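Student:
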Amino acid sequence: MDLSVLPPELTTTPQPLVGFYGLDVAKNTVHKAIWDAFNNNRKNDRLQLQFKLIPANYEFPVSKPKRQSYEWYHPKGILKRNWILKHLHILPALVVSFHSIELSDPTWSEKQLQCTSAIQSLRNSLQGRLSRLAIVLIQSGTGTRAAGDEMLTSERISNLSSACDVSAKMIFVLNHSDHLMGHILRLESAFLDVAQSYYTQIIKQIKMHRDQLSANHQVLKVRHQFKLGFMSEMLHDFTTALKYYTQAYVTLEDIRVVDTNCTEIKTVAGFINYKRSRLMFKINLPRDAITQFNDHLQLYKDKTGSRELLFEHYGWLSAQFSFFADLFVDAIKSGLPALQTKHPGIYYYRAAEYKAKQKEAYLDCCKWTTVQPMENIVGNIIYSDFFGVRGNKTGEMVNEQNILNLLYANEKDFNHSGAIISYLGQAMAQFKVYKCLRFRKKLAVSMAEEYLTSGDHARALTLFSLMLSDYRADKWYKIFTEVLMKTFKSAYLSPSVPDYVSCSIEAMSPRILISKTDRIFILENLWRVFQGVVPISNYSSPVNMDQNWEYALQGFTNPVIIDLDKICDLFSCDVSFMENQAVFDEEITIELRLKSLTEVPLKIRGISVVLNSPKLSVKLKAKKVYQSEEELKESELMVLPGNSYRAIFTADSRQFTENDKLSIGRVELQIGSDKRFAVLLKSTTLNQQQIFKGKTSNAEPSKDVNSSCYIVPTYQMCAQVNLSDEPMLMNEFYRVVINLFNNLDSCIENVGVSVTVPAHLKNKVFLATDISESKKILYSTIQINVGDKALQSSTSITYYVISLTRGNIELNQKTWYQITPPVSPSKEPGDFIGEKFVPFDTESPTHQAVDKGTENAANHNIKIEYGENCIKKTKEDTIMIPCQDEIQLTATFYTLNRKVLFKAYQDEDFILRIQMEVKATCDIDILETTLITADNIKIRDSVKYPKISGKSLKCGARLEDSKIISVQNKKDDLAILMRYMNINHPSVTKPTNASEKFKSAIPVAKETPSQITTTAIKSIYGKSVETKVQDKDVANEAGSEPMGVYVVRWRRTNSTMVNESKFSISGLEVIEPKLNIYCFILEKVYVRVPFQLRIQLKNPGSKILSLQATLDNSDTFMFSGHRQLNVSIFSYATHDLIFILYPLKSGWQSIPQLFLKYLTGGDGAKEEITQSELNLYVQRWMPKRVFVHPPHRVLG
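Everything in the sequence shown is counted per UniProt numbering, starting at 1 for the first residue and increasing by one.
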């Protein structure tokens, strides 16, 4: 049908047609070689020509008589069906007549007469046509050229030209025995020029006819514009062709669309749109192609035509998308890039959508349209001489009902599902290329649905099964339920017993959004399958479905393995060892708590647990099953909704090896009968409460579970850690006592203890064994060798811990001893030296012999090493010591005007306010505080706040200190000053440069273990202050250097040990100003009493500053003297501005504002200081108000 398909001649690339007359390729080998040279191997490097053999009895299309006027002409259609085909394959632009005539042939006259006769016959056949004629004389080239041959050749060609009435330029000589291919290529070039002149002449003729048309001939205008575009394609003038096609499309839009011409208009519009899109892609205008295609659909998508033929409209829309997608694919193959939002897959998908609508519309149309059975109706009545016009080509009247009957018959025979699946497959391939995987899954589901609709149940089941895992992982249960139910239907119709069982079991999950009635129906069918009975279905199934199911059930002998970890929630399984460790000769008990999450009862035939060890796996069956503490005796367990069940498993630990780690591999639940059953496996989701996107699971919360069990090796020495009752404070030495007990009934040798600071606490926590002033040394690891211990004896070891961080301090403690067995182990060779230890979190074989000194790292706390005559056992423990803050400091930086400071200038005084809060839960005494700074920072104590000190300070006590600070000069490009800081995270501050004045008072800890000898340190550890940057404009984002250290000396109230806490104070950038301003005013100012306002300007730079100073007018002050002064300040010099003010009012009054202006001197020199900088300095350093006292009262 014209609406749904493109004629082949329209999709073919137009190429000039050249006809060959006189070649007998069947009998003449020379002619065959010439034809093959022209026609074969036409690659892209050859000229775009197509050739046609013209037999002797060939009939060219008869030329129609020319019309003098189109005034009363009413065309029957727009585009003739045979016009394109005629110019592509029937009517050649050039007819070449081949003749085997030697120019030196003695019988030249006879041969010339034959050639003339043939040319005249061709001319008569082409009467009225503009086709060109050419002659090719085939030469053998075997004869010798005599003298005067060239003159004879020219003369004979001239005579032949005159006799045939053909231009001498149209007569060619072809020597087939001498470089035939070279002659062929030259002939092709000449033929192309002649053919192009023919098509140029045709274009002129069409334009002449077009110019005769009036405004009433819209149909003919479309036809002529289409012809012009097609002929331009013949000339390979694609830009001009696109222009003509566009004009034809625009003209077609002006034609009014009604039911009688709707089919023709849409058909022609589709043809022209295809041509336009193809040319736009060809000339690299893909965006224009997409835009015009969208406009094309927008224009015609609502022009549905007759209601009885609505399906044709959807078929036409589907064809439009398919044709455009094909063009898009061809353009991409030619190098056009595409995007995820614009690629051919989108259009293939839309084509499939409209093809599905076509199928649906056809079924709907069949309901309300009366269609008669086809009898003796010729199939070509729906075609006429014009595209899109239905009727008999003979011109006979055709009943519309017959056409309608034939259209419905053709639509009925059409394979809609095959077309939809084809489009979806093409779309999936494109979406895969452009990484649109989620949409590709949607297309796969749509394809599976179409397979299911078309009756190909096996392929539908395959596709649905592939999509189940993807949608299950996405956890969109509404979508997943639909896919699962369709998979279930496909499994039934296939039939496939394993898939049917798997889908049935998964449908029991509460995540599957189906009703309880449907769930019960599925469960009943599942048990029918387990019993070998054909399930009952509510689907419309084929007649032989029961027979197919019986055959499938006969082959259902192997159990169906279903992984519950991959499907939705069905059971909640909490499995745990009763103890997380077991002595070597004890019985191991495992408890499984089971609860069904579905709303229907499930019968379980058996429950098993697979127990894994590094060497072997053991499958255990449940010994006892309980429901609400009541033991169940039945062989089959009926798991009811909402009820919890408990199964007990036991295993003998002696079948495993000492130091083994046991884990639960999986839980197996068997459902079904003896012969036919399914095994449900659950492993990775054990003891997990999964959270999904649907409703919350109603499974009971799990209690503490032991997911592993360790076969504990024996350890006969007990190490008891005794901590003080008082809390540990930061920056103090905390006493720890270890008591060692020998519980063995024999002597143990080489007893030792080591304590190590973990890597994440290095340089934050330190250890010491002696804290006397002369022997105070800090370590990160201490090791104490106790020696031999007698049976049932004990000893104590003391060491000290100091921490620079709060929180729980973890220390790694290791104890070890050696014992001499009475008899050498029989399982080990006498010369074996190594260890038997398995890491806690691996499953490598136990008791493996390793070389001495290797495999020392262990995750469990006991390690056993076998030597020649001894066994060494090592136990690792973790000591947890809670540590509290002793003091919290908050430091804030203010200007002299009591405003928080964010940026500082050199030689400017600031206030550093320090607030201290006691955090220790015990009473402490503050003995002394000191602020240490660099040489370039001057410090003065504030008169308002005395130095911090206090005794028996309790938690929450607050103290305050204040310092006046100024930076005199800058040692580096970045000078550091204080800013608002909050001390929250203490840490050790390490200097980054060895030349810095302030270094950490903390000695570097020794990494090598010490034997508790001694040294001393004088100062104790500090903590750094973390800065909270509040103003990004002035913040030093690269990090600031320490300005100084604030030292607090303190002690516990009931102790004599003095501790020091150091706080590293960080600051921001100090800016060197280009001008300093200092203002001096009397302490007391009175009304109507003149006073002096002295403003001192200091030039800190090396260049002279020329300034104009002006004091603004004021309603509250009168002036005496100048209010405007011009001053020049030499480098590093100062200048005083004196203004005499006379107050007029009492109270707080605003001081007249000072204005400074830089004077450049008019020579165009660069300003040393900008006006904005001057305004900033004045705003920062000039006082804003002064308090004016009332006048003195004179008594008496």
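Quick reminder that beta carbons are idealized off the backbone N, C-alpha and C, glycines included.
Just so it is clear, the structure is predicted and the values come from calculations on it, not from any experiment.
(1) Taking only the alpha-carbon atoms, compute the straight-line gap between Gln205 and Phe431 and give it to the nearest angstrom.
(2) Considering just the uninterrupted stretch of the beta strand (DSSP E) at Glu139, what are its terminal residues?
(3) Residues in its own chain within less than 8 Å of Ser746 by CB, not counting five upstream and five downstream?
(4) Between Pro495 and Val483, what straight-line distance do the alpha-carbon atoms span, to the nearest angstrom?
(5) By alpha-carbon positions, which one of Phe1155, Asp518, Arg646 ends up nearest to Asp574?
(6) Are the C-beta of Asp330 and some C-beta of chain B separated by less than 7 Å?
(7) Figure out for me which residue from His1192, Ala26, Thr1110, Gln1092 has the closest Cα to the Cα of Gln1153.
(8) Quick one: is Cys709 buried, meaning 16 or more other Cβ sit within 10 Å of its Cβ, or exposed?
(9) With Met730 as the anchor, note down where its beta strand (DSSP E) starts and where it stops.
(10) How is the alpha helix (DSSP H) around Glu450 delimited, first residue to last?
(11) So, under 8 Å CB-CB, Ala56 and Leu94 are touching, yes? Tell me the CB distance rounded to an integer number of Å.
(12) What does the Cβ neighbour count give for Val1186, buried or exposed, with the cut at 16 atoms within 10 Å?
(13) Report yes if the CB atom of Ile782 is closer than 7 Å to the CB atom of Tyr799, and no otherwise.
(14) Go to Thr781, then tell me how far its beta strand (DSSP E) extends in each direction, as first and last residue.
(15) List the DSSP bridge partners of His1135.
(16) Quick one: measure Cβ to Cβ for Arg42 and Trp108, integer angstroms, because I've assumed they're closer than 8 Å.
(17) What residue from Leu740, Asp499, Leu407, Pro641 has the CA that sits closest to Ser793's CA?
(18) Buried or exposed for Trp1181, going by 16 or more other Cβ atoms inside 10 Å?
(19) Suppose you measure from the CA of Ala241 to the CA of Thr200; what does that come to, to the nearest Å?
(20) Distance, Cα to Cα, Arg307 vs Cys365?
(21) Below 6 Å CB to CB, which residues in the same chain sit around Val765 once its five sequence neighbours on both sides are set aside?
(22) In angstroms, rounded to a whole number, what distance separates the CA positions of Asn1175 and Arg287?
(23) Can you check which of these residues, Pro344, Asp907, Glu312, is closest to Phe324 by C-alpha distance?
(24) Give every residue of the same chain whose Cβ lies closer than 7 Å to the Cβ of Ile420, excluding the five residues on either side of it in the sequence, and list them in chain order.
(25) So, for Ile290: in the same chain, excluding its five sequence neighbours on each side, which residues have a beta-carbon less than 8 Å away from its beta-carbon?
(26) Relative to the alpha-carbon of Asn1076, which residue among Tyr626, Tyr1158, Tyr905, Lys207 has its alpha-carbon at the smallest distance?
(27) For the structure I just gave you, are there three or more beta carbon pairs, one from the segment 486 to 502 and one from the segment 445 to 461, closer than 8 Å?
(28) Can you name, in chain order, every residue of its own chain whose Cβ lies under 8 Å from the Cβ of Arg472, other than the five neighbours on each side?
(29) How big is the Cα-Cα spacing for Lys872 and Ser949?
(30) Between the Cα of Thr878 and those of Pro106, Pro61, Val721, spot the shortest distance and give me the residue it belongs to.
(31) Going by the CB atoms, is the gap between Val679 and Phe649 shorter than 7 Å?
(32) When we look at the beta-carbon of Cys718 and count the other beta-carbons within 10 Å, is it buried (16 or more) or exposed?
(33) Does the count of Cβ pairs from the segment 86 to 102 and the segment 186 to 201 closer than 8 Å reach three?
(34) Comparing C-alpha positions only, which one of Ser117, Cys955, Glu188, Ile184 sits nearest to Val166?
(35) Comparing C-alpha positions only, which one of Leu317, Ile512, Gln554, Leu686 sits nearest to residue 1198?
(36) Give me the Cα-Cα distance between Val250 and Arg276, rounded to the nearest whole angstrom.
Tutor: By the coordinates alone:
(1) 48 Å
(2) First, the residue type needs correcting, since residue 139 is Gln and not Glu in the sequence shown. Taken as a continuous stretch (DSSP letters only), the beta strand (DSSP E) holding Gln139 covers 132 to 139.
(3) Leu791, Ile819
(4) 17 Å
(5) Arg646
(6) Checking the listed chains, one finds no chain B in this structure; it contains a single protein chain.
(7) Thr1110
(8) buried
(9) No beta strand (DSSP E) contains Met730, which DSSP labels as neither H nor E.
(10) 437 to 454
(11) Not quite, the Cβ-Cβ distance comes to about 18 Å (not below 8 Å), so this is no contact.
(12) buried
(13) yes
(14) 781 to 789
(15) Leu1097
(16) 35 Å between Cβ atoms; not a contact.
(17) Leu740
(18) buried
(19) 13 Å
(20) 8 Å
(21) Val757, Ser803, Ile809
(22) 57 Å
(23) Pro344
(24) Ala352, Lys355, Ala356, Glu450
(25) Lys342
(26) Tyr905
(27) yes
(28) Phe480, Lys566, Ile567, Cys568
(29) 55 Å
(30) Val721
(31) no
(32) exposed
(33) yes
(34) Ser117
(35) There is simply no residue 1198 to check, as the chain begins at 1 and stops at 1196 in what is shown.
(36) 12 Å
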